[in-house]
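*Asks:* So the sequence lines, in the order shown, correspond to chains A and B. For what it's worth, the numbering used here labels the leading residue of the first sequence as 1, then goes sequentially. For what it's worth, the numbering used here labels the leading residue of the second sequence as 1001, then goes sequentially.
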Amino acid sequence: KAGVTQTPRYLIKTRGQQVTLSCSPISGHRSVSWYQQTPGQGLQFLFEYFSETQRNKGNFPGRFSGRQFSNSRSEMNVSTLELGDSALYLCASSLGQGIVETQYFGPGTRLLVL
Amino acid sequence: DQQVKQNSPSLSVQEGRISILNCDYTNSMFDYFLWYKKYPAEGPTFLISISSIKDKNEDGRFTVFLNKSAKHLSLHIVPSQPGDSAVYFCAASDGTSYGKLTFGQGTILTVHP
């Protein structure tokens, strides 16, 4: 079974631009969560989607948004990029059958904001 | 407010010996705990988990112990292998928050041949 895939793997943007990252979950998984990893803050939860609905959101500004499609693929968007948005963005998928589940991570998208 | 803490940034162990990675948490609502391993330029890989109704779970060379009263968990790797060298994260879920895992800062494990 194929794992979680994320595209692109690397991205360079400039301040003020916007970016869209994509995540394809493991086949059969309907829940997708997004995380930001930075050296200072570690891994922080952004949001979670299930059945095209955002069920949970972390403490990030509104510039960070996401969506999920009917095939469970998910995208996250960051508008008006800031230098501090440089990070590794990880998505994780799970079955979505319960609140507490093991999440399986993709390889991440490394975003550099200049 | 760091609810999950891994107080040892790094650990160095000889091949064949036991590696013990520790994790403390402050939120008494956490009831499901996981350990992930991460290599550079890759996403975290799930290793093992434990529910708060248990105090031990084993999977091959990996064993996780949970001490609820001390709000402490540990991951034991026996025997340690050079391929185990990676960053190890513990994570916790409180059972009320869809899709949200709270992670520790990670411990870099180096296993020397």
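For every residue, glycine included, the Cβ atom is placed at its ideal position computed from N, Cα and C.
Under 8 Å by Cβ, that's how I've got Val78/A and Gln18/A pegged, so tell me the actual separation to the nearest angstrom.
*Replies:* Between Gln18/A and Val78/A the Cβ distance is about 6 Å, and since that is below 8 Å, they are a contact.
*Asks:* Determine the DSSP secondary structure at Asp1059/B, reduced to helix, strand or coil.
*Replies:* Three-state result, Asp1059/B: strand.
*Asks:* Which whole runs of the beta strand (DSSP E) in the stretch 1007-1052 of chain B are 3 residues long or more, in chain order?
*Replies:* Entirely contained in the stretch 1007-1052 of chain B, the beta strand (DSSP E) runs reaching 3 residues are, in chain order, 1010-1014, 1019-1025, 1032-1038 and 1045-1051.
*Asks:* Quick one: is Gln103/A near chain B, going by C-beta distance under 8 Å?
*Replies:* Output row for Gln103/A: interface = yes.
*Asks:* Strictly below 9 Å CB to CB, what residues from chain B border Phe60/A?
*Replies:* Simply none; closest approach about 12 Å.
*Asks:* Which whole-angstrom value is the C-beta distance of Trp11/A and Leu111/A, which I expect to be below 8 Å?
*Replies:* Going by the sequence as given, residue 11/A is Leu instead of Trp. Indeed they touch by this definition, with Cβ atoms about 5 Å apart.
*Asks:* What does DSSP give as the partner residues of Phe47/A in its beta bridges?
*Replies:* Paired residues: Trp34/A and Lys57/A.
*Asks:* To the nearest whole angstrom, what separates the beta carbons of Val32/A and Tyr104/A, a pair I think is in contact under 8 Å?
*Replies:* Not quite, the Cβ-Cβ distance comes to about 11 Å (not below 8 Å), so this is no contact.
*Asks:* Give me, in chain order, the residues of the same chain whose beta-carbon lies closer than 7 Å to that of Ala87/A; leave out the 5 immediate sequence neighbours on both sides.
*Replies:* Taken in chain order, the residues that qualify are Gln36, Gln37, Thr38 and Leu111.
*Asks:* Sort out for me which residues DSSP pairs Gln17/A with in a bridge.
*Replies:* According to DSSP, which records beta bridges pairwise, Gln17/A is partnered with nothing at all.
*Asks:* Within 8 Å, do at least three Cβ pairs link the stretch 1001-1016 of chain B to the stretch 1101-1113 of chain B?
*Replies:* Yes, the stretch 1101-1113 of chain B touches the stretch 1001-1016 of chain B.
*Asks:* Could you check the C-alpha separation between Glu1015/B and Gln1081/B for me, to the nearest Å?
*Replies:* The alpha-carbon atoms of Glu1015/B and Gln1081/B are separated by roughly 5 Å.
*Asks:* Quick one: what's got a C-beta closer than 6 Å to Val67/A's C-beta in the same chain, skipping five residues either side?
*Replies:* Per the sequence shown, residue 67/A should be read as Arg rather than Val. Counting only Cβ-Cβ distances below 6 Å, and skipping sequence neighbours, we find Glu75.
*Asks:* Going along the stretch 23-34 of chain A in order, which residues come within less than 7 Å of chain B, judged by CB to CB distance?
*Replies:* From the stretch 23-34 of chain A, only Ser31 and Ser33 have a Cβ closer than 7 Å to chain B.
*Asks:* Residues in the stretch 1036-1053 of chain B with C-beta within 9 Å of chain A's C-beta atoms, listed in sequence order?
*Replies:* Correct list: Tyr1036, Lys1038, Ala1041, Glu1042, Gly1043, Pro1044, Thr1045, Phe1046, Ser1049 and Ser1051.
*Asks:* Measuring straight from C-alpha to C-alpha, what distance separates Thr20/A and Pro8/A?
*Replies:* Whole-angstrom Cα-Cα distance: 9 Å.
*Asks:* For Ser70/A, which residues from the same chain have a beta carbon less than 7 Å from its beta carbon, with the 5 sequence-adjacent residues on both sides left out?
*Replies:* Cβ within range, chain order: Glu52.
*Asks:* With which residues is Tyr1098/B paired in a DSSP beta bridge?
*Replies:* Bridge partners of Tyr1098/B: none, in fact.
*Asks:* Would Leu1011/B count as contacting chain A if we go by Cβ distances under 8 Å?
*Replies:* Answer no: the Cβ-Cβ gap between Leu1011/B and chain A never drops below 8 Å.
*Asks:* Does DSSP put Leu83/A in a helix, a strand or coil?
*Replies:* In the structure shown, Leu83/A sits in a helix (DSSP, three-state: H, G or I).
*Asks:* Can you tell me which of Gln97/A, Pro61/A and Pro107/A puts its alpha carbon nearest to the alpha carbon of Glu1042/B?
*Replies:* Closest option to Glu1042/B, Cα to Cα, is Pro107/A.
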